[in-house]
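Here's the structure we're looking at; comments come further down.
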Amino acid sequence: MRCFGPALFFVTVFAACRDQQDRILPVLEESDGLEVATLRSIPVMLDPDYMWTLEVLREVRTVRDGDEAPLLFDPSQALALSNGLLLVEDPTADRPLVIIDPDSESAVVRFGSSGQGPGELGGRLTFAEVDGELIILDAGNRQLHRFSLSGEPLSSRAFRSEGCGG
Amino acid sequence: MEGFLSSGTEWHWEIERVDAVSGDVQRLLRLPDQPPYAEPGNIQQGRDVWTVLAGAVVGMWTDHPSIMVYGGDGAPVRKIRLPLTRLRITDRDIQDQIELYGEMASGMRPGPTSMTNELYAVNDTVFGMFTSQLRRAAENPILPHGRRWWRLLSVRGEYLGVLALPDDYLSFKGSFLGREHDLGASVGRGGLSGTPGAIGRARGSVRDPVVLTV
Chain C
379 MRCFGPALFF VTVFAACRDQ QDRILPVLEE SDGLEVATLR SIPVMLDPDY MWTLEVLREV
439 RTVRDGDEAP LLFDPSQALA LSNGLLLVED PTADRPLVII DPDSESAVVR FGSSGQGPGE
499 LGGRLTFAEV DGELIILDAG NRQLHRFSLS GEPLSSRAFR SEGCGG
Chain R
5 MEGFLSSGTE WHWEIERVDA VSGDVQRLLR LPDQPPYAEP GNIQQGRDVW TVLAGAVVGM
65 WTDHPSIMVY GGDGAPVRKI RLPLTRLRIT DRDIQDQIEL YGEMASGMRP GPTSMTNELY
125 AVNDTVFGMF TSQLRRAAEN PILPHGRRWW RLLSVRGEYL GVLALPDDYL SFKGSFLGRE
185 HDLGASVGRG GLSGTPGAIG RARGSVRDPV VLTV
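From first to last, the protein sequence lines are chains C and R. Note that the working numbering has the first sequence beginning at 379, numbered continuously upward. Note that the working numbering has the second sequence beginning at 5, numbered continuously upward.
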């Protein structure tokens, strides 16, 4: 049975500037020790001489005929991992983090849970891979979470304030 | 490896730097204050937006044509002034928006409106300023409904052009960790109302193409 509409795609894109010699340079001045870069004029919005282009390089389907559920519901960010997989935040899913194999177009593991308790994901997440681990900065809960590359929780700790900077 | 977070509200963000290993947090800077003419909570009159590039944070109040560039230590290093002015919308514009977006647009009022709604890190030195039919400056032409563009600028204040997102593409949020920044666009080709789509990693300098690879 076909459960969903036409396939949705997870796409890799390429952007290239048509002519990068056409950049507009600002006029530089200084005011109270601060550099002020003033663009006196810029081209109108859709001037073809200043339009960059996007080109799709690769697509990964997130809905396929016969699947019981889409691979992703409403993803908000992704991070390419060193092992070739993708870490994706899909915040409306029961498990809001998913690692995807872009070759097989399948989920390797879904993990994490939303909430406000220790180890739970509060939202406004930021991803990184550091030394073979997934680092999740959780601005919502002000916690730093560590996961293995296979999605196993390793630790969670609250942010520690260092005081004020600039 | 470090990350950057905002605390406070979009009317008054403070930016914090987080050590991605220890979790140590340092308050870095405060984005431009709300102009005196703006009402708190009224997005039409602007809000703070920001993004992080290599060794720099850029931020602006969305209806004011200047962008502040801060160094990695949070100190302001440059103000980029844009030759743009606020668009003034009319009752007719609002009615058009209500027809397009429904009640979501009914809170708009005639008068000035913000010229952007987001900043995106494109690579280490280039960022994009979101522009759409509604979020645009007075100098911009009337733009097609449903399309999205980023005006591209460098942290040095150079104007690089406009990156057009194809129809139905939506932007993922950028990643603020490390020196590489994610630039993404998600696309839904019919079907579900959700927006699965695209993401890539942007690399390169101002002179290089923006290469997005997964």
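Glycine included, every Cβ here is placed at the ideal spot set by N, Cα and C.
Any chain C beta carbon closer than 8 Å to residue i
i, result
"G165/R", "yes"
"R51/R", "no"
"G27/R", "yes"
"V22/R", "yes"
"V81/R", "yes"
"I93/R", "no"
"R90/R", "no"
"R160/R", "yes"
"G182/R", "At G182/R the pLDDT is 35, less than 50, meaning the model places this residue with poor confidence; the figure from the coordinates comes in the next sentence. Yes - at least one Cβ of chain C is within 8 Å of the one on G182/R."
"M5/R", "yes"
"P87/R", "yes"
"D186/R", "Annotation note: pLDDT 40 at D186/R (below 50); position unreliable, coordinate value reported separately. It does; some Cβ of chain C falls within 8 Å."
"I102/R", "no"
"A168/R", "yes"
"L156/R", "yes"
"L9/R", "yes"
"I84/R", "yes"
Euclidean distance between Cα positions of residue i and residue j
i, j, result
"Y105/R", "M112/R", "12 Å"
"I146/R", "E483/C", "40 Å"
"D427/C", "Q48/R", "31 Å"
"L468/C", "D77/R", "For the sequence presented, residue 468/C should be read as Asp rather than Leu. Distance between the alpha carbons of D468/C and D77/R: 33 Å."
"G462/C", "L532/C", "21 Å"
"S454/C", "A42/R", "30 Å"
"P40/R", "A485/C", "50 Å"
"F451/C", "D481/C", "19 Å"
"G411/C", "A60/R", "18 Å"
"P404/C", "R152/R", "25 Å"
"G495/C", "S534/C", "10 Å"
"V62/R", "S419/C", "21 Å"
"A125/R", "L157/R", "10 Å"
"F221/R", "L512/C", "Residue 221/R cannot be examined here, being either before or after the span of chain R that is shown, 5 to 218."
"Q30/R", "L164/R", "33 Å"
"S11/R", "T504/C", "14 Å"
"V130/R", "V159/R", "6 Å"
"G444/C", "E103/R", "37 Å"
Own chain, CB closer than 7 Å to residue i, minus 5 neighbours either side, in chain order
i, result
"E413/C", "L406"
"S70/R", "M64, K83, I84, R85 and L86"
"T66/R", "G50, R51, V53, S118, M119, T120 and N121"
"Q101/R", "A109, M112 and L138"
"L9/R", "E20 and V22"
"P479/C", "In the sequence as displayed, the identity of residue 479/C is Asp instead of Pro. Closer than 7 Å at Cβ, skipping near neighbours: L463 and V486."
"L88/R", "P69, M119, A141 and E143"
Cβ pair residue i, residue j closer than 8 Å
i, j, result
"I402/C", "L417/C", "yes"
"R538/C", "G161/R", "no"
"W17/R", "L32/R", "no"
"G529/C", "G501/C", "no"
"W430/C", "L123/R", "no"
"G7/R", "L465/C", "no"
"L457/C", "L527/C", "no"
"V422/C", "M5/R", "no"
Own chain partners of residue i with C-beta closer than 8 Å, once the 5 adjacent residues on each side are dropped
i, result
"T94/R", "P114"
"P148/R", "Q137"
"E408/C", "V414"
Cβ shell of residue i (< 6 Å), same chain only, five flanking positions each side left out
i, result
"Q38/R", "W15"
"E498/C", "S491"
"P116/R", "R90 and R92"
"F489/C", "R473, L475 and G529"
"I98/R", "M112"
"A471/C", "F451"
"Q521/C", "S534 and A536"
Residue i at chain R interface by Cβ criterion, 8 Å
i, result
"F537/C", "yes"
"R418/C", "yes"
"C381/C", "Legend: pLDDT at C381/C = 31, less than 50; position of this residue unreliable, value from coordinates given subsequently. No, because no Cβ of chain R sits closer than 8 Å to the Cβ of C381/C."
"A517/C", "yes"
"I402/C", "yes"
"E408/C", "no"
"L522/C", "yes"
"L475/C", "no"
"L412/C", "yes"
"L527/C", "no"
"A506/C", "yes"
"V422/C", "yes"
"A415/C", "yes"
Check: residue i C-beta below 7 Å from any heavy atom of the ligand GDP
i, result
"P453/C", "Judged by which ligands are present, the structure shown has none, so any question about the ligand GDP falls away."
Residues of the region 122-154 of chain R with Cβ closer than 9 Å to any Cβ of chain C, in chain order: V126, T135, R140, A141, E143, N144, P145, L147, W153 and W154
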